[in-house]
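Q: Sharing a structure here in structure tokens format.
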């Protein structure tokens, strides 16, 4: 079973928010949000395969069906809750897959800076080669070299505007990861290995909230395309933010998440 922590709300409620982090991160990325959210709702934070304190078997294939089944096991103990699933980037891809294939009914889905996969097979194959090359860097050059390169990706350029303490915390979290397990995560469920979920998006009927940063043009375009095909969905574009809204605009992220869950509670 995936390593997770259950954070019980201060005031009793049957609402439960499950939070899935992105690549080369872990559940601790949500610590500050947990302190705020647990005033209102219960929270589960999870370490995905290859990250944080996860102990998934290295002999297993950590593909999307595997992770979905592992989430099923975690949520089996919380079937009496209204479950809202949040996923950031890699975690959002897992969230979308789970909404389509997971055993447990979700009350809502919150997608932060994510994608339903790569549509064209040639592009998907090309991304698999990129993921494999990055995995080799982790194994051969080591974690610090990989992190140095990762931090230079255009996707994260807005993080250079963060204060030094926040930047150091992000870097320290990345450097706490295990390079061998990260390499396996890239090979087994990196972007190139994700099934193309675009044709199935219209099957997701649950209330869905998409959050993107206005400075993250790639994922703004993806979000616009998602809302054109998915029913029961709302789009939140956060000003002055890039890819990592929960880090760059914490208060606005909290406002959107709590507002979405409260609205769905009122609609029930």
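Numbering (my numbering), first residue to last: 46 to 313. Every residue gets a Cβ at the ideal spot worked out from N, C-alpha and C, and that includes glycine. Predicted model, so just to flag it, every value in this text is computed and none were measured.
#1: Counting Cβ pairs closer than 8 Å, one from the region 113-124 and one from the region 133-146, do we hit at least three?
#2: Can you give the Cα-Cα distance for residue 147 and residue 130, rounded to whole angstroms?
#3: Contact check, residue 99 vs residue 92 under 8 Å by CB: the rounded distance?
#4: Report the rounded CA-to-CA distance for residue 306 versus residue 153, giving the unit in angstroms.
#5: With distance defined between alpha-carbon atoms, name the residue in 199, 136 and 224 nearest to residue 179.
#6: Between 166, 103, 57 and 51, which has its C-alpha nearest residue 122's C-alpha?
#7: Thinking residue 71 and residue 96 are a contact (beta carbons under 8 Å), I'd like their distance in whole angstroms, please.
#8: Using DSSP bridges, identify the partner residues of residue 120.
#9: Check the DSSP bridge columns for residue 90 and list the partner residues they point to.
#10: Is it the case that the Cβ atoms of residue 219 and residue 69 are separated by a distance below 7 Å?
#11: Return yes when the Cβ of residue 183 is within less than 7 Å of the Cβ of residue 230, no when it is not.
#12: So the candidates are 296, 214, 54 and 287; which of them puts its Cα closest to the Cα of residue 264?
#13: What is the rounded straight-line gap between the Cα of residue 236 and the Cα of residue 53?
#14: Touching or not, the region 155-170 and the region 246-266, by the rule of three or more beta carbon pairs under 8 Å?
#15: So for residue 242, helix, strand or coil by DSSP?
A: According to the structure shown:
#1: yes
#2: 11 Å
#3: 4 Å
#4: 8 Å
#5: 224
#6: 51
#7: 5 Å
#8: Residue 120 is not bridged to any residue.
#9: 50 and 64
#10: yes
#11: no
#12: 287
#13: 33 Å
#14: yes
#15: coil
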